[in-house]
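All remarks here apply to the structure that follows.
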Amino acid sequence: MSVLGKKILCTRPAEDAAEFSALLGKYGAEVITAPLIEIHPVKDFSQLDNCLDKITEYSGIIFTSSNAVRYFFERVKQKKINISIKLYAVGSKTKEFIERSGYKVFTFPENYNSASLAEVLKADTHVNSKFLFPAGNIGMKTILKELPEVEEIVVYETRKPMKNQLLQNAEIMLASGLIDCIAFFSPSAVTNFAELFPGYRNFRTEYAVIGKTTERRLQLLGLKADIISDNAEAERLGEAINKFYNEQ
66 MSVLGKKILC
76 TRPAEDAAEF
86 SALLGKYGAE
96 VITAPLIEIH
106 PVKDFSQLDN
116 CLDKITEYSG
126 IIFTSSNAVR
136 YFFERVKQKK
146 INISIKLYAV
156 GSKTKEFIER
166 SGYKVFTFPE
176 NYNSASLAEV
186 LKADTHVNSK
196 FLFPAGNIGM
206 KTILKELPEV
216 EEIVVYETRK
226 PMKNQLLQNA
236 EIMLASGLID
246 CIAFFSPSAV
256 TNFAELFPGY
266 RNFRTEYAVI
276 GKTTERRLQL
286 LGLKADIISD
296 NAEAERLGEA
306 INKFYNEQ
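My numbering applies: residue 66 is where the sequence shown begins, and numbers increase by one.
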């Protein structure tokens with residue numbers, strides 16, 4: 066068996082789904098995008114503005130998502146501020162987003178997760194180092210737990226979408242057994258899945274997830290992850306899905 070002809074439901078926002086969809090499309094899968102989360106900038110940037118006004122007081126800035134990079138540097142550009150301190154990133158896509166903004170990334174861990182970045186930072190900095198951590202309103206706080214001097218600022222919000230036509234169509238396909246696999250990229254998407262699709266326990270499909278946290282959220286619903294990628298990159302989950310079906 067192979068992934069050829071399989072219908073994969075991608076739950077990422079459309080603007081973040083292109084490379085995942087292209088990868089599986091290359092292998093012959095049909096990727097259907099039905100976002101289970103929406104990303105919005107915060108309405109009030111006063112907290113970020115205060116941090117930008119004292120940016121030289123920080124030893125570095127930590128980024129764990131491309132969304133944080135996007136909204137942080139949009140504000141930096143608006144305020145015409147020069148960032149000269151070290152920038153750290155989780156994942157190659159986050160790194161690429163920073164570089165597109167015209168800045169160099171000091172380092173990022175090979176394992177592509179917050180825990181491994183925390184280890185890099187502890188080894189790389191002195192005892193009085195203080196970091197700025199632009200982030201979303203929800204998500205893992207590993208960086209905050211591992212490093213004592215981290216100031217978190219929320220620059221974007223993750224919200225549950227309204228049940229639009231895309232989601233209604235996805236629900237019909239899931240209920241009819243027409244979706245072979247659902248790909249989840251965050252615990253929030255899993256939570257919204259259960260709330261938007263109350264009949265999820267009757268769906269006959271396989272589940273692919275990124276990370277242990279997303280896997281655990283799925284388990285809380287009484288569901289089992291069939292495919293797991295510990296790497297934070299969406300393309301790695303696509304590779305894992307392809308491998309799973311090739312080995313069936």
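Think of the CB as a built atom: it goes at the ideal place given N, C-alpha and C, for glycine as much as any other residue.
Along the segment 196-284, the alpha helix (DSSP H) occurs as fully enclosed runs of 4 or more residues at 207-211, 230-240 and 252-261, listed in sequence order. Counting only runs that start and end inside the segment 72-128, the alpha helix (DSSP H) elements of at least 4 residues fall at 83-91 and 111-118. Taking a cut-off of 8 Å on C-beta distances, the segment 259-269 does not touch the segment 108-128, as fewer than three cross pairs fall below it. The residue from K308, E214 and E84 with its alpha-carbon nearest to that of S194 is E214. Membership of I306 in any beta strand (DSSP E) is not indicated; the residue belongs instead to the alpha helix (DSSP H) covering A299 to N311.
Under the three-state reduction of DSSP output, A290 falls in the coil class, being neither helix nor strand. Per the C-alpha coordinates, the member of F250, T256 and E216 positioned closest to E300 is F250.
Between the beta-carbon of I203 and that of S253 there is about 6 Å, and that keeps the pair under the 8 Å contact cut. Note that the segment 132-147 touches the segment 104-114; at least 3 beta-carbon pairs, one per stretch, sit closer than 8 Å.
By the Cβ-count criterion, D81 is buried, with 16 or more other Cβ atoms from all chains shown falling within 10 Å of its own Cβ. Distances from the alpha-carbon of K71 to those of V170, V219, L197 and C246 put C246 closest. According to the DSSP assignment, Y136 belongs to the alpha helix (DSSP H) that extends over S131 to K144. In this structure L239 touches F268 by the C-beta definition: roughly 5 Å separates them, less than 8 Å. A residue is called buried when at least 16 other Cβ atoms come within 10 angstroms of its Cβ; A94 meets this threshold and is buried. Look at K169 here: in three-state DSSP terms it is coil, with no helix or strand label.
Three or more pairs of CB atoms, one per stretch, sit closer than 8 Å, so the segment 295-313 contacts the segment 77-92.
Looking from the CA of I275, the closest CA among L285, L286, T256 and A248 belongs to A248. Taking C-alpha positions only, Q230 is separated from R282 by approximately 26 Å. Cβ contact annotation for I102 (same chain, cutoff 8 Å, sequence separation greater than five): T76, R77, P78, T223, R224, K225, P226, S251, S253, A254 and N257, in chain order.
The three-state secondary structure of L152, taken from DSSP, is strand.
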